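Whatever position you read off the sequence shown (first residue = 1), add 31 for our numbering.
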Amino acid sequence: MTTSYISPLATLRTLLPDATFSLDRWNGFERVSFDFQNRASHLVLPPEPLPGNPWLWRPTFFDAWPSADIALIQKGFHLAYTEVLADYASPTGIRHGKAFHDLLVRAGLAAKFTFVALSRGGLYAFRYAESHPEEVAAIYADAPVCDFSSWPGGQGKSARATAEFNQVLHSHGLTEAEILSPKFQPLNRLEPLAQHHIPLIHVCGDADDVVPLDENTRVLEKNYRQLGGTIEVIIKPGIGHHPHGLEDPTPVVNFITKHVLEIS
């Protein structure tokens with residue numbers, strides 16, 4: 032690592048004196064694992080950190096299709112994770128994420144980060160960015176859910192995911208009508224992101240029958256462009272919801288490094 036780099040681990044130990052930290056390797060990189068507010072959390076350290084310590088945040092599916100994450104860690108980004116999957120972007124989950132963000136900033140990471148949001152992670156990424164747009168440098172969303180009524184609500188082409196939809200109702204404490212309302216959907220609440228010039232890149236399969244492209248990313252893309260936002264959409268012909276990512280993640284890596292390093 033660069034001689035001026037101070038690992039966040041020492042500061043995290045000071046900030047969380049009662050936490051237990053474990054060290055291992057994740058895809059060849061040093062990983063710090065710990066519980067934060069009783070939730071499993073990870074921080075992967077790059078071999079040569081970039082100035083300012085930029086970082087990625089995966090809100091869900093930490094180990095799934097990590098090719099872009101690995102390439103960006105190799106370029107000097109940190110990678111962070113804390114368990115928020117079951118919150119479905121509820122206020123409780125957003126509050127936990129805010130505390131996690133603030134913890135990592137106090138530990139020496141950049142004030143702004145980049146979301147790496149797969150599938151339902153899109154709900155969290157867009158809701159967090161709506162609530163705290165000043166903290167988000169960019170969003171990479173891969174086959175993202177952008178509308179609760181599409182998934183898990185099943186109001187369009189996709190079948191309702193009943194167990195997951197019940198979790199949404201429980202975590203938010205709202206009625207079905209409130210959850211399905213257009214005004215509740217992340218793809219209709221993009222103004223704060225556009226006002227803060229958050230660039231978005233989406234990677235989607237055009238044969239996705241779980242999170243249909245035309246109910247999620249295409250609607251969000253149209254809405255964001257109308258607001259003057261920057262968004263790039265990469266389509267994978269004939270591909271469904273899986274596999275996520277690109278065989279060669281270079282377009283995603285270039286997009287993130289270009290936009291994030293421009294503002295750092």
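Virtual Cβ for every residue (Gly too), placed ideally from N, Cα, C. Given the structure is predicted, the values throughout are model-derived calculations rather than measurements.
Simplified DSSP state of residue i, which is helix, strand or coil
i, result
"Glu79", "coil"
"Thr145", "strand"
"Arg158", "helix"
"Leu221", "coil"
"Asp66", "strand"
"Ser150", "coil"
"Ser38", "coil"
"Ser53", "strand"
"Leu103", "helix"
"His290", "helix"
Same chain, Cβ closer than 7 Å to residue i, neighbours up to 5 away in sequence not counted
i, result
"Phe215", "Phe179, Glu209"
"Glu207", "Leu200"
"Pro213", "Asn219"
Close-in-space but distant-in-sequence residues of the same chain around residue i (CB under 8 Å, 5 per side omitted)
i, result
"Leu46", "Leu134, Arg137, Ala138"
"Phe93", "His73, Tyr112"
"Leu292", "Leu81, Pro85"
"Ala2", "Since the first residue of the chain shown is 32 and the last is 295, residue 2 is not available in this structure."
8 Å Cβ cutoff, residue i in contact with chain B
i, result
"Ser72", "Absent here is chain B; the protein component of the structure consists of one chain."
Extent of the continuous beta strand (DSSP E) run through residue i
i, result
"Ser180", "No beta strand (DSSP E) contains Ser180, which DSSP labels as neither H nor E."
"Leu110", "109-113"
"Ile262", "262-267"
"Arg191", "No beta strand (DSSP E) holds Arg191; DSSP gives it neither H nor E."
"Asp133", "Careful: Asp133 lies outside any beta strand (DSSP E), inside the alpha helix (DSSP H) at 122-137."
Same chain, Cβ closer than 6 Å to residue i, five either side skipped, listed in chain order
i, result
"Thr34", "With a pLDDT of 49 at Thr34, under the threshold of 50, the modelled position of that residue is not reliable, and no figure is offered here."
"Phe146", "Trp88, Ala156, Ile170"
"Gly269", "Ala238"
Residue burial classification, residue i (beta-carbon count within 10 angstroms, cutoff 16)
i, result
"Pro122", "exposed"
"Gly128", "buried"
"Arg158", "buried"
"Lys253", "exposed"
"Asn298", "In the structure as shown, the chain starts at 32 and stops at 295, and residue 298 therefore has no counterpart that could be examined."
"Tyr78", "Strictly speaking, residue 78 in this sequence is Pro, with Tyr absent from that position. Looking at its Cβ environment, which holds fewer than 16 other Cβ atoms inside 10 Å, Pro78 is exposed."
"Ala238", "exposed"
"Met32", "Summary for Met32: the model assigns pLDDT 46, below 50, so the residue's position carries little reliability; its value from the coordinates is reported in the next sentence. Exposed, since its Cβ has fewer than 16 Cβ neighbours within 10 Å."
"Pro48", "exposed"
**Study point:** the segment 245-261 in contact with the segment 224-234 per 3-pair CB rule at 8 Å
**Key:** yes
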